[in-house]
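Data block below; observations after.
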């Protein structure tokens, strides 16, 4: 790791130590569903929906009793809810038939589930099972590129660049550091550069782009 990147990672760890996912869940299954629902939605909105959803349908087998329309009504507050309803019911069926109702603990098996991409799989592995993984979302794409920790708009390439840069045992934590920096400071529009503790290290500011 070069000196500038090392300083940036150290500062991020200092300011966001202990921060974790904002999604609320009690077990790996709930985290999987919540993460599937989070695309095109805020975590706050997902938490409102899942608080009701998990109270009514806490286990995978409960979803087998639902039609796509019935589940869609229960997740209506999130974006793309009809498509998500279809994917969730298909994924739950596979979980029960192939994995005994348990959430698998490897990225390939998770990504074989309908509606589960690499980011969702990595989020579940890191947060539910404490398995080193680095989910890349829009916040991470933006922040990592601005800070010079990555140089690509392709999530898979950015994941590779970040996991090459950051020690494996820090992947899950660093994922959260970058996300929270994107939420609190490094916004897509009007980033709060005047409040940023990385102002002296940020390549974008040095180039006068912010």
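In the numbering used here, the protein residues as written are 354 to 563. All residues carry an ideal CB built from backbone N, CA and C; glycine is no exception.
Exercise for the section: Please go through the same chain and pick out, in chain order, the residues whose beta-carbon is closer than 7 Å to the beta-carbon of residue 388, but skip the five residues on each side of it. Expected result: 376, 473, 476 and 477
Problem - residue 411 - DSSP class collapsed to helix/strand/coil - result: coil
Problem - As assigned by DSSP and simplified to three states, the class of residue 540 - result: coil
Handout entry: Start and end residues, alpha helix (DSSP H) containing residue 434
Key = 434-452
Handout entry: Buried or exposed (CB count within 10 angstroms, at least 16 for buried), residue 456
Key = buried
Problem - Beta-carbon proximity check, residue 538 vs residue 549, cutoff 7 Å - result: yes
Problem - Continuous beta strand (DSSP E) assignments of at least 3 residues falling wholly in the stretch 442-511 - result: none
Exercise for the section: Below 8 Å on the Cβ atoms is my guess for residue 374 versus residue 529; work out the distance and round it to an integer in Å. Expected result: 7 Å
Practice task
Would you check if the stretch 484-492 and the stretch 401-418 touch, i.e. whether three or more CB-CB distances between them fall below 8 Å?
Solution key: no
Exercise for the section: In the DSSP assignment, find the alpha helix (DSSP H) that holds residue 559 and state where it starts and stops. Expected result: 556-559
Exercise for the section: Along the alpha helix (DSSP H) that carries residue 391, what are the first and last residues, could you check? Expected result: Element bounds for residue 391: n/a, residue is neither H nor E.
Problem - Pairwise C-alpha distance: residue 460 and residue 359 - result: 28 Å
Practice task
Please report the residue range of the alpha helix (DSSP H) in which residue 365 lies.
Solution key: 356-369
Practice task
Helix, strand or coil for residue 420, going by three-state DSSP, please let me know.
Solution key: coil
Practice task
Report yes if the C-beta distance between residue 417 and residue 444 is below 7 Å; otherwise report no.
Solution key: no
Practice task
Look at residue 390 and residue 437 and say whether their C-beta atoms are less than 7 Å apart.
Solution key: yes
Exercise for the section: Pull up the distance between the alpha-carbon of residue 519 and that of residue 381, whole angstroms please. Expected result: 25 Å
Exercise for the section: Would you tell me roughly how many angstroms separate the C-alpha atoms of residue 494 and residue 508, rounded to the nearest one? Expected result: 7 Å
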